[in-house]
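Residue numbers (the numbering used here), protein chains in the order written: chain G, 361 to 649; chain W, 12 to 324.
For every residue, glycine included, the Cβ atom is placed at its ideal position computed from N, Cα and C.
Model, not experiment: these values are computed from the prediction.
Read the structure below first, then the notes.
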C-alpha cells in the first residue's frame with residue numbers, strides 16, 4: 361500500500377517536474393543569452409495561464425486548442441518587455457536589473473488582481489480534464505501527462521534550435537561574448553529579442569498546459585517564479601540541459617519530500633537540496649560559470 | 012550644514028505634526044531607513060546582493076516577543092538577545108553562502124529565508140501561521156511600550172536607533188573596514204590577491220547588517236504589538252529594504268535614508284489615495300515606479316543629486 365502511494369507520488373512529481381523544467385528552460389534561455397534573470401518570469405506564467413483561462417471562459421476554446429494563442433501572446437510580451445525595459449539596462453549593475461524585473465513582477469501581479477480579482481479560477485471540463493490512465497494501481501492524470509509531453513516536445517524543439525541551427529549557434533555565440541559575436545557579423549540585438557521571445561513563449565506554453573489541471577490566481581507566479589530561479593541555479597546558469605534536468609529533479613524532490621516530511625515542507629525541502637548542491641558545486645549541476 | 016538641518020527637522024517633526032497619522036509615517040520612515048542602512052552595509056558597501064535579510068528582522072521580532080510572552084523577559088533584553096541570535100544566524104548563513112557568486116548567492120539568500128519562514132509557519136510553539144501577540148505592559152520606556160495616540164515616544168526611540176546605525180556606518184566608511192568592504196565589492200579576487208581576507212570581511216559586514224536589522228525587528232514587534240510570518244518573515248520585507256537602499260543610492264551614507272523617505276512617501280500616498288478599494292491600484296503604481304526608477308535612474312537619488320551638482324559647477 362505504502363509502496364503504491366510512494367510510486368504515485370514519484371510519478372506525479374516527475375510529471376510536475378516537466379512543467380517546472382519548461383518554465384525554467386525559458387528563464388535559463390533569457391539568462392543565458394541576454395544575461396539577466398527575469399524576476400517577473402513567474403508573473404509571465406500567470407499571464408499565460410490567464411490567457412488560456414479567458415480563451416476558455418469567453419470563447420469556449422479549450423486550453424489545449426488555444427495553446428498557439430497563449431504561446432504567441434507571451435512571446436510578444438517578452439519582446440515588448442525586452443524592447444521597452446531590459447534593453448535599456450543591459451550594462452547596468454546587477455541590482456538595477458534585479459529591481460527593474462522585480463518592479464515589473466509587482467506591477468503585473470497587482471494588475472492581475474485589479475483586473476481579475478484575487479479569486480482563484482479553474483477551467484472546467486477541459487478536453488483531457490477527467491481522463492486518467494491506470495498503471496496497475498497507480499493512476500496518471502491525462503492533463504499532467506499531456507503537460508509533460510508538451511514540455512518534452514518544447515524542450516526538443518528548443519534543443520534543436522539552439523544546437524543544430526544557424527540561428528541557435530548565433531544565439532550561443534552572443535551568449536558567449538556579445539562584442540565578439542557582433543564583430544563576427546551576428547545581429548546581437550536580434551538574438552536578444554529572439555531569446556526573450558522564445559523564453560517567454562515557453563511560459564505561454566507552460567501556462568496553457570497548466571491551466572488544464574491547475575487553478576490560476578494573481579499570486580501563482582510567486583511560487584513558480586521562485587521555483588524556476590532555484591531550478592536554473594541548481595541546474596547551473598547558462599545550461600539549458602541543466603535547467604531541464606533540474607526541473608524534473610525539483611518536481612520529484614518536492615513531491616517525495618512532501619510525502620516523507622509533510623506537505624507543508626515540500627518547498628523547503630527543495631531549497632535545502634539546492635543549498636546542499638551549491639555548497640559542493642557553487643556553479644550548479646551543469647553550470648559553466 | 013545639511014546633516015545639522017536634517018537632524019533638527021527630524022527632532023522637531025513630532026512636535027510640529029501632532030496627529031497620529033503623520034507621526035506614524037515618521038516612525039515608518041525611520042524604521043525602514045534603519046533596515047535600509049543595515050542592508051546597505053552588505054549590499055551597498057560590500058556588494059553582496061543578499062535578498063534574505065527578512066530572516067534577521069524576523070529573528071529580532073520573534074526573539075523579543077516570545078521571550079516577553081513566555082518568560083516575561085523585558086523587551087530591551089529581548090532585543091539584545093535577538094541581536095545576538097541574529098549575529099549567530101549571520102555567521103551560519105555566511106558560511107553556507109559566501110562561496111557563491113552573483114545570482115547563486117542571491118538565490119541562496121532567498122532560499123534560506125523561505126526555509127526559516129516555512130519552519131516558523133509550521134511550528135506551533137513559535138505561533139505558527141497565526142503569529143504572536145505581544146502582551147501589553149504598562150506604558151513606559153523601560154517596558155518599550157507607549158500606548159495612546161501620541162506616537163512621539165516610539166518616533167524618538169527609532170530615531171535614536173537610526174542615528175546609532177548612521178554613526179556606525181559613518182565611522183565604518185572612514186575606517187580600514189570600509190576600504191576592505193569596498194575593495195571586495197569592486198574586485199573580490201583582486202582584494203584577496205592583495206591579502207584581504209574576503210570571507211572574514213564579508214562575514215563582518217553580514218553581522219553588522221544582521222545586528223541593525225534585528226533591532227528594527229524588535230522595534231516593529233513592540234510598535235505593532237503583533238507579528239506573523241507574513242509580515243516579518245517574507246520576501247517582500249527583504250526586497251523593500253534593499254529597494255530603498257538602491258533607490259537612494261548604494262554605498263552612500265544618506266542614500267538609504269533618502270530612499271526610505273521617498274519610497275514610504277510614495278507607498279503611503281498611493282495607499283491613502285488609491286488603496287482601500289482592495290484592488291491593488293496602489294501596488295500597481297508602486298511596481299511601475301520601481302521599474303521606471305531602475306531603468307532611468309540606475310544610480311539612485313544620490314546619483315541624481317550628484318549629477319545636478321556637477322552640472323552646476
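> Is the CB of residue 125 (chain W) under 8 Å away from at least one CB in chain G?
Replying inline: yes
> Where do the ends of the beta strand (DSSP E) carrying residue 499 (chain G) lie?
Replying inline: Counting along the chain, residue 499 (chain G) sits inside the beta strand (DSSP E) bounded by residues 498-501.
> Since residue 202 (chain W) and residue 209 (chain W) are thought to touch, with beta carbons under 8 Å apart, how far apart are those beta carbons, to the nearest angstrom?
Replying inline: Between residue 202 (chain W) and residue 209 (chain W), the beta carbon gap of about 6 Å places them in contact (Cβ cut-off 8 Å).
> Hey, is the stretch 611-631 of chain G in contact with the stretch 17-32 of chain W, meaning 3+ C-beta pairs nearer than 8 Å?
Replying inline: no
>> Let me see if you follow: with CB-CB separation under 8 Å, is residue 456 (chain G) close to chain W or not?
In response: yes
> Within 8 Å (strictly less), CB to CB, does residue 56 (chain W) reach chain G?
Replying inline: no
>> Threshold first: 3 residues or longer. Then list the beta strand (DSSP E) segments lying entirely within the stretch 224-288 of chain W, N to C.
In response: none
> Can you give, in chain order, each stretch of the alpha helix (DSSP H) that sits fully within the stretch 377-453 of chain G and has at least 4 residues?
Replying inline: 401-419, 427-444
> Taking only beta-carbon atoms, is residue 147 (chain W) less than 8 Å away from chain G?
Replying inline: no
> What's the C-alpha gap between residue 221 (chain W) and residue 68 (chain W)?
Replying inline: When rounded, the distance between both Cα atoms is 8 Å.
>> If contacts are defined as beta-carbon pairs under 8 Å, then residue 449 (chain G) and residue 464 (chain G) qualify, I think. What distance do you get, rounded to the angstrom?
In response: 12 Å between Cβ atoms; not a contact.
>> Could you check whether residue 408 (chain G) and residue 563 (chain G) sit closer than 8 Å to each other, using their CB atoms as the reference points?
In response: A contact, by the Cβ cut-off of 8 Å.
>> I need the DSSP call for residue 631 (chain G), collapsed to helix, strand or coil.
In response: When secondary structure is reduced to three states using DSSP, residue 631 (chain G) falls in the helix class.
>> Determine, for residue 555 (chain G), whether the minimum Cβ-Cβ distance to residues of chain W falls below 8 Å.
In response: It does not: the Cβ of residue 555 (chain G) has no partner Cβ on chain W nearer than 8 Å.
> Just how far apart, CA to CA, sit residue 578 (chain G) and residue 406 (chain G)?
Replying inline: 7 Å
> So which of G:395, G:505, G:597, G:454 has the shortest CA-CA distance to residue 646 (chain G)?
Replying inline: G:597
> Between residue 239 (chain W) and residue 129 (chain W), is the Cβ-Cβ spacing less than 8 Å?
Replying inline: no
>> Can you look up residue 491 (chain G) in the DSSP assignment and give me helix, strand or coil?
In response: coil
> So is residue 471 (chain G) in contact with chain W if we call contact Cβ pairs under 8 Å?
Replying inline: Judged by the 8 Å Cβ criterion, residue 471 (chain G) is in contact with chain W.
>> If the cut-off is 9 Å on Cβ atoms, which residues from the stretch 84-114 of chain W count as contacting chain G, listed in chain order?
In response: 107, 108, 110, 111, 112, 113, 114
> Where does residue 65 (chain W) sit, in a helix, a strand or coil, going by DSSP?
Replying inline: Shown here, residue 65 (chain W) sits in a helix according to DSSP, grouped into three states.
> What did DSSP end up calling residue 456 (chain G) once you bin it into helix, strand or coil?
Replying inline: helix
> Pick from W:148, W:54, W:15, W:249: whose alpha carbon is nearest that of residue 80 (chain W)?
Replying inline: Among W:148, W:54, W:15, W:249, the Cα nearest to that of residue 80 (chain W) is on W:148.
> Does the stretch 81-101 of chain W come close enough to the stretch 153-173 of chain W that 3 or more CB-CB pairs lie under 8 Å?
Replying inline: The stretch 153-173 of chain W, when compared against the stretch 81-101 of chain W, does touch it at the 8 Å Cβ threshold.
> In the DSSP assignment, what residue or residues form a beta bridge with residue 481 (chain G)?
Replying inline: G:576
> Given that a residue counts as buried once 16 or more other Cβ atoms are within 10 Å of its Cβ, and exposed if not, what is residue 602 (chain G)?
Replying inline: Residue environment: residue 602 (chain G) is assigned as buried (16 or more neighbouring CB atoms within 10 Å of its CB, all protein chains considered).
> Residues of chain G with a CB under 9 Å from the CB of residue 61 (chain W): which are they?
Replying inline: Per Cβ cutoff of 9 Å: no residues; residue 61 (chain W) is ~11 Å from chain G at best.
>> Taking 8 Å as the threshold (C-beta atoms), are residue 380 (chain G) and residue 610 (chain G) in contact?
In response: In this structure, residue 610 (chain G) lies near residue 380 (chain G), with their beta-carbon atoms less than 8 Å apart.
> Just by C-beta distance, which residues in the stretch 290-310 of chain W are closer than 7 Å to chain G?
Replying inline: 290, 291, 292, 294, 295, 297, 298, 299, 301, 302, 305, 306, 309
> According to DSSP, is residue 128 (chain W) helix, strand or coil?
Replying inline: helix
> By the criterion of Cβ-Cβ separation under 8 Å, what are the contact partners of residue 535 (chain G) in chain W?
Replying inline: Ordered by position in chain W, no residue passes the 8 Å Cβ test against residue 535 (chain G), which lies about 15 Å from the chain.
>> Can you tell me where the alpha helix (DSSP H) holding residue 604 (chain G) begins and where it ends?
In response: 600-621
> Quick one, are the C-beta atoms of residue 37 (chain W) and residue 190 (chain W) less than 8 Å apart?
Replying inline: no
>> So with CB distances below 9 Å, who are the chain W contacts of residue 586 (chain G)?
In response: 118, 121, 122, 125, 246
> Considering only residues of the same chain and omitting the five flanking positions on each side of residue 108 (chain W), which have a CB-CB separation below 6 Å?
Replying inline: 116, 119
> At which residue ranges does the stretch 57-120 of chain W contain complete alpha helix (DSSP H) runs of 4 or more residues, listed in the order of the chain?
Replying inline: 65-82, 86-108
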